[in-house]
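To start, the structure itself, in structure tokens.
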Amino acid sequence: MGISIWTSCKPMPLPPATPNSLSYEAAPAPNPLRGFLPFKGDYGDAFPHSMEYDTLPLRDLMTGENSFDFASLEASLAEVSSRSNHLVLRVYLDSPGKPLAIPEFLIDAGVTLRSYEEHGGGKSPDYDDERVVSALERFIAAFGEKYDGDPRFGFVTLGLIGFWGEWHTYPHEEWMPGFGTQSRVLQAYAKAFQQTQLTVRQPMADSTTLPIGYHDDSFTFSTLPGEDWHFVPRLIAAGATNTWKSNVIGGEIRPELQINIWKRPIPDDPPSENFDECVAATHVSWLINQKAFTPELSGEARQRALAGARSIGYEYHVTEALLPSIRVGSELVIELSVENRGAAPFYYEWPIELRVTDPSGSVSVHQSDFKVQRVLPGAPMKWTIKVAAELAAGEHSCAVRVVPPGSLGRPFVFANKESGVGGWLDVGKIGVFD
3 MGISIWTSCK PMPLPPATPN SLSYEAAPAP NPLRGFLPFK GDYGDAFPHS
53 MEYDTLPLRD LMTGENSFDF ASLEASLAEV SSRSNHLVLR VYLDSPGKPL
103 AIPEFLIDAG VTLRSYEEHG GGKSPDYDDE RVVSALERFI AAFGEKYDGD
153 PRFGFVTLGL IGFWGEWHTY PHEEWMPGFG TQSRVLQAYA KAFQQTQLTV
203 RQPMADSTTL PIGYHDDSFT FSTLPGEDWH FVPRLIAAGA TNTWKSNVIG
253 GEIRPELQIN IWKRPIPDDP PSENFDECVA ATHVSWLINQ KAFTPELSGE
303 ARQRALAGAR SIGYEYHVTE ALLPSIRVGS ELVIELSVEN RGAAPFYYEW
353 PIELRVTDPS GSVSVHQSDF KVQRVLPGAP MKWTIKVAAE LAAGEHSCAV
403 RVVPPGSLGR PFVFANKESG VGGWLDVGKI GVFD
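First residue of the sequence shown: 3, per my numbering; consecutive thereafter.
Structure follows, in structure tokens:
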């Protein structure tokens, strides 16, 4: 009787994955979509920044009842993006001290214009006139159709209503439009812009039910509780204190304070609020701070301002990377532990890609389906990044980076010592086995 002996040759088990701890290092001040920004212009290296702010009159963009000319906006976008910056834009209908911004066809139609002398003077339209509000709705629809999701934009502030587009007509408060008109403008923006983040000066009408953030244009002057008309009390009263978790908060440091708050001691006139307390209360991501880009700010005051710019917005730190060993031909999976040491999340879903360097030094880059997640401060997340990569046996070095959309060249940099040129973050090595 014969005896058959079957021998089973199983592959050796893969080595267990070992977490790779990564080190913290403050991210640069000009990380995309956070920090201080100036009005549109070339400021060289006067102060680190990744955005520029511009305003445009509606009459330049809306030339008839259903006619639009975006040439001036295109010029602004081209100029700002040529410096690898994003544009923050406001379109206005009435800006005190500036030429008339109301479209000519509305003037010809006989829309009421109210003259005023305050703030440099101007003419305020009757916002509740149906011809005005319907024109605003048509403009917003055309604006969003052309530019929603355009990667050259950082944020759009709603503007259009009130002095400077700030949704107030003080001291002529009776000139403000009613709830219905305000709601129509808010609703029009929310419908037209479903990708680009929006902000309005403060909670208005039904804004709290819409995906719209806010901008505090008197930051450190009337931000904190103390008066019910201050920014934070208005958020509290409207139940909007958690808006920052999904929609951006921006604003402008009060111009008279843009130098003073960095001095020590801080001058008493005009009075100011504590910058750090304002950041903690608002979770602000961006602030216009024009004077930071001038020689007025220097020495230790400038260093404090740089620290202030770094303290707002997001700061994503990858604390740990887990790179499980794989077989030849298997999917590559990397798990990142991410914390946010900043004041607010990153609001856009930018894609992530993976760079692999094989034992011979050959480099390959692989696109993943994973996009940046909104990591809230104090609420770490695990990101699982998967790519189909045909890797040969051996030890491979891996790096990840966030990919800015469009042609803008400014990288998103993680707050890690392991971050390198172009925003690439070295996360460790992975073993590939037969």
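Using N, Cα and C, we set each Cβ at its ideal position, and we do this for glycine too.
Classification of residue i by the beta-carbon crowding that lies within 10 angstroms, buried from 16 upward
i    : result
M14  : exposed
R412 : buried
K148 : exposed
V434 : buried
Y172 : exposed
V93  : buried
K373 : exposed
I5   : Residue placement at I5 cannot be trusted, given a pLDDT of 42 that sits under 50; the coordinates are not used to answer.
Q204 : buried
T57  : buried
T9   : Low per-residue confidence applies at T9: pLDDT is 44, beneath 50, and the placement is therefore not dependable, though the value from the model is reported in the following sentence. Classification for T9: exposed.
T201 : buried
D218 : buried
G310 : buried
S274 : buried
Coarse secondary structure for residue i, derived from DSSP in three states
i    : result
G112 : coil
D62  : helix
N68  : coil
N475 : For residue 475 there is no data in the structure shown, the boundaries of the chain being 3 and 436.
R329 : strand
F49  : coil
R1   : As displayed, the chain neither begins before 3 nor continues past 436, which places residue 1 out of reach and without an answer.
H170 : coil
L410 : coil
V389 : strand
V286 : coil
L378 : coil
S313 : coil
K384 : strand
F416 : coil
D152 : coil
V404 : strand
E275 : coil
S421 : strand
I251 : strand
E27  : coil
L338 : strand
I163 : coil
L324 : strand
R92  : strand
Closer than 9 Å to chain D by CB, residue i
i    : result
A323 : Checking the listed chains, one finds no chain D in this structure; it contains a single protein chain.
Inter-residue CB distance, residue i and residue j (contact presumed, cutoff 8 Å)
i    : j    : result
L39  : H51  : 5 Å
L24  : A323 : 6 Å
V250 : Q199 : 5 Å
R343 : H319 : 5 Å
Y129 : I163 : 6 Å
W177 : S126 : 5 Å
E132 : R61  : With 8 Å as the limit, E132 and R61 do not qualify as a contact, their Cβ atoms being about 19 Å apart.
L356 : I387 : 6 Å
L91  : F41  : The Cβ separation is near 12 Å, so there is no contact.
I261 : E302 : Rounded, the Cβ-Cβ distance is 12 Å, inconsistent with contact.
P213 : A192 : 6 Å
V429 : I354 : Incorrect: roughly 11 Å between the Cβ atoms, too far for contact.
Through-space distance from residue j to residue i, alpha-carbon basis
i    : j    : result
A48  : K293 : 10 Å
I438 : G167 : Since the first residue shown for the chain is 3 and the last is 436, residue 438 is missing from the structure and cannot be characterised.
S300 : A307 : 9 Å
N418 : A401 : 12 Å
G123 : L95  : 14 Å
S74  : G253 : 23 Å
V286 : E397 : 43 Å
P101 : D278 : 37 Å
S339 : D360 : 24 Å
I328 : P407 : 31 Å
E229 : R186 : 29 Å
L289 : F348 : 15 Å
P153 : D436 : 43 Å
My parser needs the beta strand (DSSP E) runs of 3 or more residues fully inside the segment 344–368; what are they? Here the runs fully enclosed are 353–359.
Which runs of the alpha helix (DSSP H), 4 residues or longer, sit entirely within the segment 181–239? Runs found: 181–194.
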